[in-house]
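Counting from 79, one number per residue, gives the positions in the sequence shown under this note's numbering.
The structure appears right after this line, and notes come after that.
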Amino acid sequence: MWRELAPLSPEERYILLAIIVGLMAFVLFFELKVMRSKTKEVRKASIKKDEAYNTVLTTRSVLNAMQRQGKGTGSAEQLLSAGKQAMQSGQYDRCIELCAEAREELIKPKERKVRAVPSPATKEGEREALEEVAESILSSSEEPEPEEVSGAEEYKGAKLPADKDGNYLAAKFEIQTAKADIKRALDKGRETAEAQNLMTDAESEFVAGNYTKALSLAVRARRATSAEAASEGIRLKSAPMPAKPGPRPAVVGAAGMCHACGEALEADDGFCSKCGARVPRERMCASCGTKPRPTDTFCRKCGSKID
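Right, here's the structure in full:
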């Protein structure tokens, strides 16, 4: 039989209470310092992963838009591939760094050792416009860092908006580029009515979430701007004015009438007695009435000489 425990004295109760309070303080300290720090590290790693993913997606969209414009993107593609491999291996900072280098290569291509002849497409104004468009896409794709949350709350991350066809960033890039083209055309005093109408439709489709349709309309707006510029830059040749017809020579018809004024003619008339038009005469053989060729001197039928 267990002997009943003796009641605790007041001093023993205070000691037991102090031990319990000390254990609770230790558990609370462990939760706040150790577990919360680990949760924060996990959350930071998740944020870095999402940031690397968003950076790769943004760079890919800018690269696709540059390819549609016929730009060279070989070195940028290599940097982007290296960034993807770094992201898959967990090197998120390295991935972000490589993607930044790829975007820099797209916006401001580095000078090659072999100096090439500059093409008209690499003018300063166009390069600045592409730089502004790319920077606007990058700034719009950046998401604010989430506020501090307790360790019990789970961080779900912030990904870029995506559509089924994957044309969100491409449509946004084309819309921004078309706006820049229209602005330059307006500054030069060119007509941009058709391009502005297409631009309005493209923005409406983009807001509605139809990114593929918005991309198509934005490309058409840019083409309309280029077509209007080309039509204004080419001077069309004016059609030559037709010369005023002079008086037609009178022809003796079967009725012996002047075809210029209708006056009756005699058989031996050389000119019309009313309008003065010359009456052409056909060469005829005086003997047999055969019509000779222009080079004939004698009649082919009777052999008589033709005057």
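All C-beta atoms in this analysis are idealised placements derived from N, C-alpha and C, irrespective of residue type, glycine included.
As the structure is a prediction and not an experimental result, all values here were calculated from the model.
Could you pull the start and end residues of the alpha helix (DSSP H) that residue i belongs to?
i	result
K162	152-166
C173	170-185
V285	271-286
E252	246-265
Which value, in whole angstroms, describes the spacing of the CA atoms of residue i and residue j?
i	j	result
C336	A342	6 Å
I255	A180	Looking at the sequence provided, one finds Thr at residue 255 rather than Ile. Those two C-alpha atoms are separated by around 19 Å.
F376	C363	8 Å
Y92	E119	40 Å
L293	I125	30 Å
P370	K352	31 Å
P372	G381	15 Å
S87	F108	32 Å
A51	L157	This structure does not reach residue 51, given that the chain is present from 79 up to 385, and the question cannot be answered.
Q169	T270	47 Å
P358	C350	11 Å
R301	D279	15 Å
A103	D128	36 Å
I98	E89	15 Å
S354	E344	Strictly speaking, residue 354 in this sequence is Gly, with Ser absent from that position. Using only the alpha carbons, I get a separation of about 14 Å.
L106	G100	10 Å
E231	P85	Confidence is the limiting factor: at E231 the pLDDT is only 40, short of 50, which leaves the residue's position unreliable, though a coordinate-based value still follows. Each residue's alpha carbon lies about 45 Å from the other.
D374	A338	30 Å
D385	D347	17 Å
D171	I185	21 Å
A258	S167	39 Å
N288	R298	16 Å
C366	R356	26 Å
P327	D265	Low confidence applies here, because P327 scores a pLDDT of 47, under 50, leaving its location unreliable and the question unanswered by this model.
G267	N132	39 Å
A305	K149	20 Å
L95	R114	27 Å
R121	A286	33 Å
A332	R361	Bear in mind that the predicted position of A332 carries a pLDDT of just 39, short of 50, making it too unreliable to give a figure here.
T117	Q147	46 Å
L110	E155	45 Å
Thinking residue i and residue j are a contact (beta carbons under 8 Å), I'd like their distance in whole angstroms, please.
i	j	result
S153	E175	That pair is no contact at about 15 Å.
I260	E281	So it is not a contact: roughly 12 Å between Cβ atoms.
M165	A130	5 Å
C173	V112	The Cβ separation is near 30 Å, so there is no contact.
F284	S139	Actually they are not in contact, since the Cβ atoms of F284 and S139 sit about 14 Å apart, beyond 8 Å.
T368	K379	5 Å
C177	T151	13 Å between Cβ atoms; not a contact.
A263	T303	5 Å
Under 8 Å: does the beta carbon of residue i sit that close to some heavy atom of the ligand PLP?
i	result
G287	This structure lacks the ligand PLP, and indeed carries no ligand of any kind.
- Whole alpha helix (DSSP H) runs in the region 86-140 with 4 or more residues, listed along the chain? The qualifying runs are 88-107.
- Query: Would you call the region 159-167 and the region 140-147 touching, i.e. three or more CB-CB distances under 8 Å?
  - Reply: Contact between the region 159-167 and the region 140-147 is absent: fewer than three C-beta pairs spanning the two stretches fall below 8 Å.
- Is it a yes or a no for the region 246-253 touching the region 268-276, going by three-plus beta-carbon pairs under 8 Å? No, because fewer than three Cβ pairs between the region 246-253 and the region 268-276 fall closer than 8 Å, the two stretches do not touch.
- Query: At what residue ranges does the region 358-382 contain a whole run of the alpha helix (DSSP H), taking only runs of 4 or more?
  - Reply: If you keep only unbroken alpha helix (DSSP H) runs of at least 4 residues inside the region 358-382, you get nothing at all.
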